[in-house]
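Read the structure below first, then the notes.
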Amino acid sequence: MSAAPTYLLDFSLRRGAFERSVSIRSERRVIALVGDSGAGKTSLLHAIAGLLRPQRGRIEIGGRCLFDAAAGIDLPAHRRRIGYVFQDARLFPHLDVRRNLLYGLHGDARAAPRFQFDAVVDLLGIDALLSRSTAGLSGGEMQRVALGRALLSQPQILLLDEPLSMLDMNRRDELLPYLQRVRDEIALPMIYVSHYPDEVRRIADEVHIVGDGSQRTA
Numbered sequence: 000m001s002a003a004p005t006y007l008l009d010f011s012l013r014r015g016a017f018e019r020s021v022s023i024r025s026e027r028r029v030i031a032l033v034g035d036s037g038a039g040k041t042s043l044l045h046a047i048a049g050l051l052r053p054q055r056g057r058i059e060i061g062g063r064c065l066f067d068a069a070a071g072i073d074l075p076a077h078r079r080r081i082g083y084v085f086q087d088a089r090l091f092p093h094l095d096v097r098r099n100l101l102y103g104l105h106g107d108a109r110a111a112p113r114f115q116f117d118a119v120v121d122l123l124g125i126d127a128l129l130s131r132s133t134a135g136l137s138g139g140e141m142q143r144v145a146l147g148r149a150l151l152s153q154p155q156i157l158l159l160d161e162p163l164s165m166l167d168m169n170r171r172d173e174l175l176p177y178l179q180r181v182r183d184e185i186a187l188p189m190i191y192v193s194h195y196p197d198e199v200r201r202i203a204d205e206v207h208i209v210g211d212g213s214q215r216t217a
């Protein structure tokens, strides 16, 4: 018997004149969505996260059904257990790094969380930043904090929406090894969006191209 796919994504989105369809069945753990600006990559992530509702189809990741139009299943965003890292870090400027991280901390108080605070801080190399204001952080440091906050929300799926796109080449090269560590050590399904081929080659197991109203495997 073949293994159940990590990803079963078969849905369509329509917003005014904008239409996109995706059909991905994959047993890979880390996949990438690539395409030109405006191709709809972020909209597809929003549908997976529960921020947009598809017109039809099914979204299943890691054996969990998040959306099924025919069955009337549409889990609200807060129940999808998704960690989302955006293009911009979206940190709280009035909180220091430690409190930004703690803001993301969720989980059952009766059970030890899968992603512990100290372990996440060590994984991302941000111990020296904990007492600092976010205003003094570099772009790469801010994205590491944002990634830590996403992990401390105890997600079952991690979505990364062009997390390096607002960084210069040096900062991208600084952050990529941390993304690779997260990929290798957390063992979560990850969907990585980018339009930089070098990033995709270093992060993803499988690549899907989004554009012209549809998607195809590279």
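Oh and the sequence shown: position 8 is 7 in the working numbering, straight run, nothing missing. All C-beta atoms, glycine included, are put in the ideal place defined by N, C-alpha and C. Computed from a prediction, not measured in an experiment: that's the story for all the values here.
Worksheet item: Taking the C-alpha atoms as reference points, what is the distance between Ala134 and Val84?
Response: Within the sequence shown, the letter at position 135 stands for residue 134. Within the sequence shown, the letter at position 85 stands for residue 84. Using only the alpha carbons, I get a separation of about 19 Å.
Worksheet item: Using a Cβ-Cβ distance under 8 Å, would Pro4 count as near chain C?
Response: The structure shown has no chain C; it contains just one protein chain.
Discussion item. Please tell me whether Arg97 and Ser137 are closer than 8 Å, where the distance is taken between their beta carbons.
Written reply: By one-based count along the sequence shown, residue 97 stands at place 98. By one-based count along the sequence shown, residue 137 stands at place 138. Going by C-beta atoms, Arg97 is not nearer than 8 Å to Ser137.
Worksheet item: For Tyr195, which option in Ala76, Arg180, Leu175, Ile72 has the closest C-alpha, if you only look at C-alpha atoms?
Response: Looking up residue 195 in the sequence shown gives position 196. Among Ala76, Arg180, Leu175, Ile72, the Cα nearest to that of Tyr195 is on Leu175.
Worksheet entry | Other residues of its chain near Ala149: CB distance less than 6 Å, five sequence neighbours each side excluded | Taking the first residue of the sequence shown as 1, we reach residue 149 at position 150. So the qualifying residues of the chain are Gly82, Val84.
Fill in: Close Cβ partners of Arg89 (< 8 Å) along its chain, the five nearest in sequence each way excluded
Residue mapping note: residue 89 aligns to position 90 of the sequence shown, counting from 1. Closer than 8 Å at the Cβ level, and outside the excluded window around Arg89, lie Ala145.
Worksheet item: Roughly how many whole angstroms lie between the Cα atoms of Leu218 and Gln115?
Response: With the chain represented from 0 up to 217, any question about residue 218 goes unanswered, as that position is not in the structure.
Worksheet item: Taking Cβ to Cβ, would you say Ala48 is nearer than 8 Å to Ile202?
Response: In the sequence shown, counting from the first residue as 1, residue 48 sits at position 49. In the sequence shown, counting from the first residue as 1, residue 202 sits at position 203. Against a cut-off of 8 Å, the Cβ pair of Ile202 and Ala48 comes out as no contact.
Item to complete: Would you list, in sequence order, the uninterrupted alpha helix (DSSP H) runs of no fewer than 4 residues that lie entirely inside the region 111–152?
Response: 116–123, 138–151
Worksheet item: What residues in its chain sit with their C-beta under 6 Å from that of Glu161, if we drop five residues either side in the sequence?
Response: Within the sequence shown, the letter at position 162 stands for residue 161. Counting only Cβ-Cβ distances below 6 Å, and skipping sequence neighbours, we find Gln86, Val192, Ser193.
Fill in: Residue burial classification, Leu65 (beta-carbon count within 10 angstroms, cutoff 16)
The residue you call residue 65 lines up with position 66 of the sequence shown. By the neighbour-count rule (16 or more Cβ atoms within 10 Å), Leu65 is buried.
Worksheet entry | Length at least 3, wholly inside the region 18–85: the beta strand (DSSP E) runs in chain order | 29–33, 55–60, 63–67, 81–84
Discussion item. Taking its Cβ as the centre, do 16 or more other Cβ atoms sit within 10 Å of Pro154, making it buried, or is it exposed?
Written reply: The sequence position of residue 154 within the sequence shown is 155, counting from 1. Pro154 is buried by the Cβ-count criterion.
Worksheet item: What's the gap between the Cα of Ile71 and the Cα of Val206?
Response: Here residue 71 refers to the residue found at position 72 of the sequence shown. Here residue 206 refers to the residue found at position 207 of the sequence shown. With the sequence shown as reference, residue 71 is identified as Gly, and Ile is not the correct amino acid for it. So the alpha carbons of these two residues sit roughly 30 Å apart.
Fill in: Extent of the continuous alpha helix (DSSP H) to which Leu100 belongs
Position 101 of the sequence shown holds residue 100. Per DSSP, Leu100 belongs to the alpha helix (DSSP H) from 96–102.
Worksheet item: Given a threshold of 16 other Cβ atoms within 10 Å of its Cβ, counted over all protein chains shown, does Phe17 qualify as buried or as exposed?
Response: As a position in the sequence shown, residue 17 is number 18, starting the count at 1. It counts as exposed.
Discussion item. Among Asp172, Gly103, Ile185, whose alpha-carbon lies nearest the alpha-carbon of Val199?
Written reply: Translated into positions along the sequence shown, residue 199 becomes position 200. Ranking Asp172, Gly103, Ile185 by Cα distance to Val199 puts Asp172 first.
Worksheet entry | Own chain residues within Cβ distance below 6 Å of Leu187, not counting five before or after | Numbered from its first residue, the sequence shown carries residue 187 at position 188. Taken in chain order, the residues that qualify are Leu157.
Discussion item. If contacts are defined as beta-carbon pairs under 8 Å, then Ser22 and Asp9 qualify, I think. What distance do you get, rounded to the angstrom?
Written reply: Locating residue 22 in the sequence shown gives position 23, counting from the first residue. Locating residue 9 in the sequence shown gives position 10, counting from the first residue. Indeed, because the Cβ distance is near 5 Å, the residues count as touching under 8 Å.
Discussion item. Closest to Leu74 by C-alpha separation, out of Arg52, Val120, Pro112, would be which residue?
Written reply: Working through the sequence shown from its first residue, we reach residue 74 at position 75. Nearest of Arg52, Val120, Pro112 to Leu74, Cα basis: Arg52.
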